[in-house]
Amino acid sequence: MKWAEFQQFWRKNVIIMDRTEKTTYVGKLVQETSQFITLKNCKIVTNGKAKESEYLAIWKGKIGVIKLAEQQPKEGEDNANTKDSKA
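At the far end of the sequence shown sits residue 134, using our numbering, and the numbering has no gaps.
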């Protein structure tokens, strides 16, 4: 993903699912480099267990889907306006 793809998510709460869909990250996107993105006040959910981290760097190659957290549809709803980006 390039900066133009991350710009819409900048300084917003996002939900990131890794390519294996085993781990989900929720936090504020605060930094983007050529290889990593950094989340602030992040929750990491793996196999239903959550951990918290003040800052977390995620390798871009690990990202499957990134979505704005504020625009998540309610369970069972399909929302065409949800902004997401496949890496």
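Yeah, the Cβ is synthetic: ideal placement off N, Cα and C, and Gly gets one too.
Note that the structure is a prediction, hence the values are computed from the model and not measured.
Which of helix, strand or coil DSSP assigns to GLU101
Translated into the one-based positions of the sequence shown, residue 101 becomes position 54. Residue state, collapsed to three classes: strand.
Candidates GLN54, THR80, SER81 and THR70: which alpha carbon is nearest GLY89's?
Counting from one through the sequence shown, the residue named residue 89 turns up at place 42. Per the sequence presented here, residue 89 reads as Cys, with Gly not at that position. Closest option to CYS89, Cα to Cα, is THR70.
Straight-line CA distance for ASP125 to GLU117?
Counted from its first residue, the sequence shown places residue 125 at position 78. Counted from its first residue, the sequence shown places residue 117 at position 70. Because ASP125 carries a pLDDT of 49, less than 50, the predicted location of this residue cannot be relied on, and the following value inherits that uncertainty. When rounded, the distance between both Cα atoms is 15 Å.
Any idea what DSSP makes of LYS109, helix, strand or coil?
Taking the first residue of the sequence shown as 1, we reach residue 109 at position 62. Note: LYS109 maps to helix in three-state DSSP.
Taking the straight line between their C-alpha atoms, what separation do you get for ILE113 and VAL61?
On the sequence shown, position 66 is the one that residue 113 refers to. On the sequence shown, position 14 is the one that residue 61 refers to. Our two residues, ILE113 and VAL61, have alpha carbons roughly 7 Å apart in a direct line.
Identify every residue that forms a DSSP beta bridge with PHE56.
Sequence index remark: in the sequence shown, residue 56 carries index 9 (1-based). PHE56 is not bridged to any residue.
Just list the residues that DSSP pairs VAL61 with in beta bridges.
Position 14 of the sequence shown, counted from the start, is the residue given in the question as residue 61. Per DSSP, GLY74 and LEU115.
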